[in-house]
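Q: I'd like to ask you about the structure that follows.
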Amino acid sequence: MKKQIVTLAAAAMLSSGFAAKASADTHVVKKGDTLYQLAVKYKTTVTELKSINKLSSDSLYINQSLQVPGTVISAPSVRPPAPAPAIPSAANTYIVKSGDSLSKIALNHKINLKDLMSWNQLTHHIIHPGQVLKVSKTASGNNTKKPSAAPAPPPAAAPSGSSGNYIVVKGDTLSLIASRNNITVQQIKDWNKLSSDLIFIGQKLILSAAGQKSATEKPAEEVKEESGSAAAVLAEAQKYIGVPYKWAGTAPDGFDCSGFIYYVLNKSGSTLGRYSTDGYYSRSYYISQPQPGDLVFFENTYRQGISHMGFYIGNNQFIHASSNGVEITSLENSYYKKHFDGFKRFY
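According to mature numbering (1 follows the signal peptide of the UniProt record, and there is no 0), the sequence shown holds residues -24 to -1, 1 to 323 in order.
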């Protein structure tokens, strides 16, 4: 009889509009926990967690006991509650681990470093283990689908400039440029003294015999100015593809990674001294949008810390002096992807 009375009372509460939720649970804070992570885990919001636990800030400490949403019996609101703000899924976030850098995280998630910093409202490159980063535009809270941008118009078929010159753009190959201009790949290589099919964004190519002649008649001052450009650096660098590796080597009979950088820069007009990989690293600053000719650094290869480097040549590739000798490698290479630190540019 007593059980029947309790059951009837519960039914009366439900019929009168009372909602039933189970009692709240407790979570003991562990190393690396954040309010945001707990909100995702318990399918709630940071605001609700702070309200339940009477928190005035987002700071947590290890072994702190937090109440997390469970179920309690409560009266319904007069009006339906507003929908909870969308919480980014775990697939759209990344928890920083020891040894991570912003550049490495951006590369691993195939996103732009500038976007990664923007989505997380970062004004510097300093991050710390346990930090939660948004790694997609969806995670930044902007789910509005924007109309897709109109495709970029194809490069003009005619050579740019009155002398028959052409500036290489993203997606170009020698065969594509040759077919657009009714010439052969071999002609382009002969006119530009190219020893391989490698070209890079921003490189100036001569597309006619007349253009080759005019190029040889440029004033000495103009030639000197071009010698220090990224195009000149990369053109010089590719001359040494296949040169063997040599510890501390700084000449074409053998290079180590920093010796290769030193030699190419000086042959291209730079007066920068001979430094180790760390030395070049400390004389450069991080960049979010690398251009051909910029530096790319790697860490923890044969020793701890910054230990390898090369020149970025575009299309996610770099040229460097590796244990195999001077070669071109993709940044998608599993080994170099694992040890990637970031892109930098000299001060």
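Backbone N, C-alpha and C define an ideal beta-carbon position, used for all residues, glycine too.
Whole angstroms are fine: how far does the CA of residue 231 sit from the CA of residue 323?
A: Their backbone Cα atoms lie some 24 Å apart in a straight line.
Q: Go through its chain and collect everything with a Cβ distance to residue 68's Cβ below 8 Å, but skip five positions before and after it.
A: The residues are 110, 111, 112, 114, 115.
Q: Looking at the secondary structure, which residues open and close the alpha helix (DSSP H) in which residue 156 lies?
A: Unbroken alpha helix (DSSP H) run through residue 156: 150 to 156.
Q: Note down, in chain order, each residue of its chain lying with its Cβ closer than 7 Å to the Cβ of residue 373, except the 5 sequence neighbours on either side.
A: Residue 373 lies beyond the stretch modelled for the chain, which goes from -24 to 323, so this question has no answer here.
Q: Taking buried to mean at least 16 other C-beta atoms within 10 Å of its own C-beta, is residue 37 buried or exposed?
A: The residue is exposed, with fewer than 16 neighbouring Cβ atoms inside 10 Å.
Q: What residue does the beta strand (DSSP E) around residue 109 start on, and which one ends it?
A: Per DSSP, residue 109 belongs to the beta strand (DSSP E) from 108 to 110.
Q: Should residue 175 go down as buried or exposed, given a rule of 16 or more other Cβ atoms within 10 Å for buried?
A: Burial call: buried.
Q: Closest to residue 44 by CA distance: which of 247, 16, 229 is it?
A: It is 16 whose Cα lies nearest to the Cα of residue 44.
Q: Closest to residue 312 by CA distance: which of 320, 285, 321 is it?
A: Ranking 320, 285, 321 by Cα distance to residue 312 puts 285 first.
Q: Closer than 6 Å by C-beta to residue 328: which residues in its own chain qualify, once you throw out the five before and the five after it? Chain order, please.
A: Outside the modelled stretch of the chain, which goes from -24 to 323, sits residue 328, for which no answer is possible.
Q: Is it buried or exposed, residue 247, if we count other Cβ atoms within 10 angstroms and call 16 or more buried?
A: Label assigned to residue 247: exposed.
Q: Checking 9 Å against the spacing of the C-beta atoms, do residue 142 and residue 108 come in under that value?
A: Not a contact, by the Cβ cut-off of 9 Å.
Q: Report yes if the CB atom of residue 183 is closer than 9 Å to the CB atom of residue 217, and no otherwise.
A: Going by C-beta atoms, residue 183 is not nearer than 9 Å to residue 217.
Q: State the DSSP-derived secondary structure class of residue 227, mapped to helix, strand or coil.
A: Correct three-state label for residue 227: strand.
Q: Between residue 78 and chain B, is any beta-carbon pair separated by less than 9 Å?
A: The question asks about chain B, but that chain is absent: this structure has only one protein chain.
Q: Along the chain, where does the beta strand (DSSP E) that runs through residue 3 open and close?
A: Where residue 3 is concerned, the enclosing beta strand (DSSP E) stretches over 1 to 4.
Q: For residue 295, is the classification buried or exposed, using 16 other Cβ atoms within 10 angstroms of its Cβ as the cut-off for buried?
A: That one is buried.
Q: Within a Cβ cutoff of 6 Å, which residues of the same chain sit near residue 235, ignoring the five residues on either side of it in sequence?
A: Around residue 235: 225, 226.
Q: Helix, strand or coil for residue 141? Go by DSSP, reduced to three states.
A: Three-state DSSP puts residue 141 in a strand.
Q: Is it the case that the Cβ atoms of residue 209 and residue 241 are separated by a distance below 9 Å?
A: In contact: residue 209 and residue 241 (Cβ atoms closer than 9 Å).
Q: Could you name the residues that DSSP lists as bridge partners for residue 236?
A: Bridge partners of residue 236: none, in fact.
Q: Within its chain, find whatever has a CB closer than 8 Å to the CB of residue 237; leave out the 5 residues flanking it on each side and keep chain order.
A: So the qualifying residues of the chain are 256, 271, 285, 286, 287.
Q: I need the boundaries of the beta strand (DSSP E) containing residue 315, first residue and last residue.
A: No beta strand (DSSP E) contains residue 315, which is instead part of the alpha helix (DSSP H) from 310 to 315.
Q: If I measure Cβ to Cβ from residue 304 and keep anything under 6 Å in the same chain, skipping five residues before and after, which residues do I get?
A: Correct list, in chain order: 293, 295.
Q: Please report the residue range of the beta strand (DSSP E) in which residue 298 lies.
A: Per DSSP, residue 298 belongs to the beta strand (DSSP E) from 293 to 298.
Q: Which residues mark the beginning and the end of the alpha helix (DSSP H) in which residue 22 is found?
A: First-last of the alpha helix (DSSP H) with residue 22: 22 to 28.
Q: In this structure, how does DSSP classify residue 281 when only helix, strand and coil are distinguished?
A: Coil, per DSSP.
Q: Please report the distance separating the alpha-carbon of residue 252 from that of residue 3.
A: When rounded, the distance between both Cα atoms is 49 Å.
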